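Visitor:
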Amino acid sequence: MNPQAKLIFATSLLMGTTITISSNHWILAWTGLEINTLAILPLISKSHHPRAIEAATKYFLVQATASALVLFSSMTNAWHTGQWDITQLTHPTSCLILTSAIAMKLGLAPFHFWFPEVLQGSSLTTGLLLSTAMKFPPITLLYMTSQSLNPALLTTMAILSAALGGWMGLNQTQTRKILAFSSISHLGWMAIIVTYSPKLALLNFYLYTLMTAAAFLTLNSMKVLKLSTLMTSWSKTPTLSAMLLLTLLSLAGLPPLTGFLPKWLIIEELTKQEMAPTATIISLLSLLSLFFYLRLTYCSTITLPPHTTNHMKRWHTNKPVNTSVAILTTLSIMLLPISPIILTIM
1 MNPQAKLIFA
11 TSLLMGTTIT
21 ISSNHWILAW
31 TGLEINTLAI
41 LPLISKSHHP
51 RAIEAATKYF
61 LVQATASALV
71 LFSSMTNAWH
81 TGQWDITQLT
91 HPTSCLILTS
101 AIAMKLGLAP
111 FHFWFPEVLQ
121 GSSLTTGLLL
131 STAMKFPPIT
141 LLYMTSQSLN
151 PALLTTMAIL
161 SAALGGWMGL
171 NQTQTRKILA
181 FSSISHLGWM
191 AIIVTYSPKL
201 ALLNFYLYTL
211 MTAAAFLTLN
221 SMKVLKLSTL
231 MTSWSKTPTL
241 SAMLLLTLLS
251 LAGLPPLTGF
261 LPKWLIIEEL
271 TKQEMAPTAT
281 IISLLSLLSL
291 FFYLRLTYCS
301 TITLPPHTTN
311 HMKRWHTNKP
321 VNTSVAILTT
331 LSIMLLPISP
341 IILTIM
């Protein structure tokens, strides 16, 4: 793709996100979401492969529907209350429609079906944008309207997301689809806590972004799209494979890695809200996700390619590790000891 075109799309993405997160008026927020959608479409379909075109079409249809629902919910609220302010969403029907619209934009269950397919049709770098940057504006809207939303509905959707994200990722062999289901599962943890502690949901999103970016960029450096390719990566890039192991275990939420922090805080908050059974259910459902993360780590570091078949031996590469991968991986692994500082900032 032309560098000038890339620059225009990147600037549009940045502008759309900034407009949405800084707006108080529903029409402005909707405009930002639309700019974002239109800017990411050429990046999804840039390879001109039929799968990429299909992914771009699916993404456009889903996002257009979700944007229409956002507009419809804000207009219904304005009709009944005379308010266009985002934080003044009080009409129950508007709250219900908005929850569905944001769930559709984020890929929360039961509106999650488009996300793995779109990610599978995109490159790893575009997949990273779809999994992190494109989720920031809807998460911000969820944060700003959290006081008005129905906790029971969000809790149901969250548990469904954690269950489906873990369950459907079990038999996948494509790394992009595995990361898509991982994303759905993580969104469940954010949705369950957003009405009780919105700041905690945002912290969870920031840490999820760190860990997912580290995983995507590592896989991109290793040029890994399938589990079978991952099995031969140890002989080529042992350091990156070892780092990927730790990043994936951090995404799974194992202590003493960074990913344990948001899960621990969310379980603590849910227990304070007298929702211990819910906390137990979502914790048990995260074991499903742990299984496919362990499968990935097993493929990347523990298995070696069979020696009985004739195959080309891959040589170690002398290419230095990307600085951004090194920084993100370090943050994905080592933030737990400084959690008291993070909590005081919040």
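Here the sequence shown is numbered in UniProt numbering, starting from 1 and rising by one per residue. In this text, a Cβ means the ideal position worked out from N, Cα and C, and glycines have one as well. Every value quoted in this text rests on a predicted model; they were computed, and no experiment measured them.
#1: Apart from the five residues just before and just after leucine 13, which ones in its own chain have a Cβ nearer than 7 Å to its Cβ?
#2: Return the residue from the list Phe72, His91, Thr87 that minimises the CA-CA distance to threonine 81.
#3: Using the Cβ count rule (16 or more neighbours within 10 Å means buried), how would you classify asparagine 171?
#4: The ligand ZN and alanine 201: does any heavy atom of the ligand fall closer than 7 Å to the residue's C-beta?
#5: For phenylalanine 291, is the classification buried or exposed, using 16 other Cβ atoms within 10 angstroms of its Cβ as the cut-off for buried?
#6: Short check: CB of threonine 173 to CB of lysine 226, under 8 Å?
#7: Where does proline 337 land, buried or exposed, given buried means 16+ other C-beta within 10 angstroms?
#8: What number of angstroms, rounded off, separates the C-alpha of glycine 32 from the C-alpha of lysine 105?
#9: Restricting to Cα atoms, I'd like to know which of Ser235, Met222, Thr125, Leu284 is closest to tryptophan 189.
#10: DSSP three-state label for glutamine 174, please.
#11: Within 10 Å of its beta-carbon, does isoleucine 341 have 16 or more other beta-carbons around it, so buried, or fewer, so exposed?
#12: Going along the chain, which residues of its own chain have a beta-carbon closer than 7 Å to the beta-carbon of threonine 209, five neighbours each way excluded?
#13: Report the rounded CA-to-CA distance for isoleucine 184 versus isoleucine 8, giving the unit in angstroms.
#14: Report the rounded CA-to-CA distance for threonine 330 versus glutamine 83, giving the unit in angstroms.
#15: If you count every other CB in all the chains shown that lies within 10 Å of the CB of glutamine 4, and 16 or more means buried, which is it?
#16: In three-state terms, what does DSSP make of threonine 308?
#17: Could you work out which residue in Ile193, Thr126, Pro42 is closest to threonine 212 when comparing CA atoms only?
#18: Enumerated in chain order, which unbroken segments of the alpha helix (DSSP H) with a length of 4 residues or greater are wholly contained in the region 66-145?
#19: Where DSSP assigns a beta bridge to histidine 25, which residues make up the other side?
#20: Keeping to the same chain, check which residues put their C-beta closer than 6 Å to that of glutamine 273; ignore five residues upstream and five downstream.
#21: Report the start-end ranges of each alpha helix (DSSP H) in the region 197-273 that is 4 residues or longer and not cut off at the edges.
#22: Grab me the residues of alanine 109's own chain with a C-beta within less than 7 Å of its C-beta, minus the 5 sequence neighbours each way, in chain order.
#23: Decide if the region 142-154 is in contact with the region 260-269; the criterion is three or more beta carbon pairs, one per stretch, under 8 Å apart.
#24: Could you work out which residue in Met243, Ser235, Glu54, Gly253 is closest to leucine 119 when comparing CA atoms only?
#25: Tell me the DSSP secondary structure of glycine 169 in three-state form.
#26: Over what stretch of residues does the alpha helix (DSSP H) that includes serine 289 continue unbroken?
#27: The alpha helix (DSSP H) spanning leucine 336 covers which residue range?
#28: With distance defined between alpha-carbon atoms, name the residue in Phe260, Leu154, Ser123 nearest to histidine 48.
#29: Where alanine 214 and tryptophan 79 are concerned, what is the direct C-alpha to C-alpha distance, given to the nearest angstrom?
#30: Between the alpha carbons of glycine 16 and glutamate 34, how many angstroms are there, rounded?
#31: Does isoleucine 345 pass the burial test, meaning 16 or more other C-beta atoms within 10 Å, or should it be called exposed?
#32: If I'm right that leucine 245 touches threonine 175 with Cβ under 8 Å, what's the distance once you round it to whole angstroms?
#33: Specify the secondary structure class of histidine 186 as computed by DSSP and reduced to three states.
#34: Determine the closest residue to threonine 280 out of Leu270, Leu288, Ser289, with distance taken between C-alpha atoms.
#35: Mapping DSSP to helix, strand and coil, what is methionine 15?
Guide: The structure says:
#1: Taking the first residue of the sequence shown as 1, we reach residue 13 at position 13. Non-local C-beta neighbours of leucine 13 in its own chain, meaning closer than 7 Å and more than five positions away in sequence, comprise Asn36, Ala39, Ile40, Ala133, ordered along the chain.
#2: Within the sequence shown, residue 81 is the residue found at index 81, counting from 1. When the alpha-carbon of threonine 81 is set against those of Phe72, His91, Thr87, the nearest one is in His91.
#3: Along the sequence shown, read from residue 1 onward, the residue named residue 171 stands at position 171. Exposed, since its Cβ has fewer than 16 Cβ neighbours within 10 Å.
#4: With respect to the ligand ZN, the structure shown offers nothing to examine, as it has no ligands at all.
#5: Working through the sequence shown from its first residue, we reach residue 291 at position 291. Exposure of phenylalanine 291 is indicated by the presence of fewer than 16 other C-beta atoms within 10 angstroms of its C-beta.
#6: Taking the first residue of the sequence shown as 1, we reach residue 173 at position 173. Taking the first residue of the sequence shown as 1, we reach residue 226 at position 226. Yes, Cβ-Cβ distance for threonine 173 and lysine 226 is below 8 Å.
#7: In the sequence shown, counting from the first residue as 1, residue 337 sits at position 337. Exposed.
#8: By 1-based counting over the sequence shown, the position of residue 32 is 32. By 1-based counting over the sequence shown, the position of residue 105 is 105. In a straight line, the C-alpha of glycine 32 is about 13 Å away from that of lysine 105.
#9: Position 189 of the sequence shown, counted from the start, is the residue given in the question as residue 189. The shortest Cα separation from tryptophan 189 among Ser235, Met222, Thr125, Leu284 belongs to Leu284.
#10: As a working mapping, residue 174 is identified with position 174 in the sequence shown. Strand, per DSSP.
#11: Here residue 341 corresponds to residue number 341 of the sequence shown, with the count starting at 1. Isoleucine 341 comes out exposed.
#12: Indexing the sequence shown from 1 puts residue 209 at position 209. Same-chain partners within the cutoff: Thr132.
#13: Here residue 184 refers to the residue found at position 184 of the sequence shown. Here residue 8 refers to the residue found at position 8 of the sequence shown. Taking the straight line from one Cα to the other gives about 29 Å.
#14: On the sequence shown, residue 330 is found 330 positions in, with the first residue counted as 1. On the sequence shown, residue 83 is found 83 positions in, with the first residue counted as 1. Straight-line Cα distance between these residues: approximately 45 Å.
#15: Numbered from its first residue, the sequence shown carries residue 4 at position 4. So glutamine 4 counts as exposed.
#16: Residue 308 sits at position 308 when you count from the first residue of the sequence shown. Interpretation of threonine 308 is limited by its pLDDT of 49, a score under 50 that renders its predicted location unreliable; no figure is taken from the coordinates.
#17: For the purposes of this step, residue 212 is taken as residue 212 along the sequence shown, with counting starting at 1. Ranking the options by Cα distance to threonine 212, first place goes to Thr126.
#18: Runs of the alpha helix (DSSP H) lying entirely within the region 66-145 and spanning at least 4 residues, in chain order: 92-106, 114-120, 124-131, 136-144.
#19: As a first step, residue 25 must be located in the sequence shown, where it is residue number 25. Partner residues in the beta bridge of histidine 25, as assigned by DSSP, are Asp85.
#20: Counted from its first residue, the sequence shown places residue 273 at position 273. In its chain, beyond the 5 residues on either side, Tyr196 have a beta carbon closer than 6 Å to the beta carbon of glutamine 273.
#21: Listed in chain order, the complete alpha helix (DSSP H) runs (minimum 4 residues) inside the region 197-273 are 198-222, 227-231, 238-252, 260-272.
#22: Against the sequence shown, residue 109 aligns to sequence position 109. Met157, Leu160, Ser161, Leu164, Ile184, listed in sequence order.
#23: In the pairwise beta carbon analysis, the region 142-154 is classified as not touching the region 260-269: fewer than three pairs are separated by under 8 Å.
#24: Locating residue 119 in the sequence shown gives position 119, where the first residue counts as 1. Nearest C-alpha to leucine 119: Glu54.
#25: What you label residue 169 is simply residue 169 of the sequence shown in a count that begins at 1. It is coil, neither helix nor strand.
#26: The count along the sequence shown starts at 1 and reaches residue 289 at position 289. 276-297 is the extent of the alpha helix (DSSP H) around serine 289.
#27: In the sequence shown, the residue the question calls residue 336 occupies position 336. Leucine 336 -> no alpha helix (DSSP H), and no H or E assigned at all.
#28: Working through the sequence shown from its first residue, we reach residue 48 at position 48. For the residues Phe260, Leu154, Ser123, the minimum Cα distance to histidine 48 belongs to Ser123.
#29: Here residue 214 refers to the residue found at position 214 of the sequence shown. Here residue 79 refers to the residue found at position 79 of the sequence shown. Rounded to whole angstroms, the gap between the alpha carbons of alanine 214 and tryptophan 79 is 45 Å.
#30: Here the question's residue 16 lines up with position 16 in the sequence shown. Here the question's residue 34 lines up with position 34 in the sequence shown. Taking the straight line from one Cα to the other gives about 7 Å.
#31: Looking up residue 345 in the sequence shown gives position 345. Exposed: under 16 other Cβ atoms inside 10 Å.
#32: Residue numbering aside, residue 245 sits at position 245 when the sequence shown is read from its first letter. Residue numbering aside, residue 175 sits at position 175 when the sequence shown is read from its first letter. That pair is no contact at about 14 Å.
#33: Position 186 of the sequence shown holds residue 186. The three-state reading of DSSP puts histidine 186 in helix, counting H, G and I together.
#34: As a position in the sequence shown, residue 280 is number 280, starting the count at 1. Nearest of Leu270, Leu288, Ser289 to threonine 280, Cα basis: Leu270.
#35: Numbered from its first residue, the sequence shown carries residue 15 at position 15. Assigned with DSSP and collapsed to three states, methionine 15 falls in helix.
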